[in-house]
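Take a look at the structure set out below.
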Amino acid sequence: MKCPYCQKEMEKGFIQCRDGVTWTPKKQLVAAFSSLGRGSVSLENGAGNDRTVYAHHCEDCKKVIVDYSETK
Ligand SMILES: [Zn+2]
Numbered sequence: 316m317k318c319p320y321c322q323k324e325m326e327k328g329f330i331q332c333r334d335g336v337t338w339t340p341k342k343q344l345v346a347a348f349s350s351l352g353r354g355s356v357s358l359e360n361g362a363g364n365d366r367t368v369y370a371h372h373c374e375d376c377k378k379v380i381v382d383y384s385e386t387k
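For the sequence shown, the positions run 316 to 387 when this note's numbering is used.
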């Protein structure tokens, strides 16, 4: 994957979180992660389960991109 900011090739890796990797519109209390609120988006993208997702990193731009369009 090319970095959309600088167009260099990004480094593929992972983001992992014990309670699942999600985007939420509002900050969640850590203790409440198991009951995620309305509008939460699981970033699961085929890396094995919802606690591990593929992510691409650009060190130059200090960006990490998670594409969750791949597989569910
Ligand atoms: Zn970049």
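All C-beta atoms in this analysis are idealised placements derived from N, C-alpha and C, irrespective of residue type, glycine included. From a predicted model like this one, the values you see are computed outputs, not experimental measurements.
Which two residues bound the contiguous beta strand (DSSP E) that contains residue i?
i	result
A370	367-373
V379	378-380
G328	326-331
Please state whether the Cβ-Cβ distance between residue i and residue j is less than 8 Å.
i	j	result
V379	H372	yes
G335	D375	no
T337	S357	yes
Could you check what DSSP says for residue i in three-state terms: helix, strand or coil?
i	result
T337	strand
N364	strand
S357	strand
K317	strand
May I ask you to check if the CB of residue i is nearer than 7 Å to at least one heavy atom of ligand 2?
i	result
E324	For the structure depicted, ligand 2 is absent and the ligand set comprises only ligand 1.
Query - Environment of ligand 1 in chain order, Cβ to heavy atom below 5 Å - result: C318, Y320, C321, C373, D375, C376
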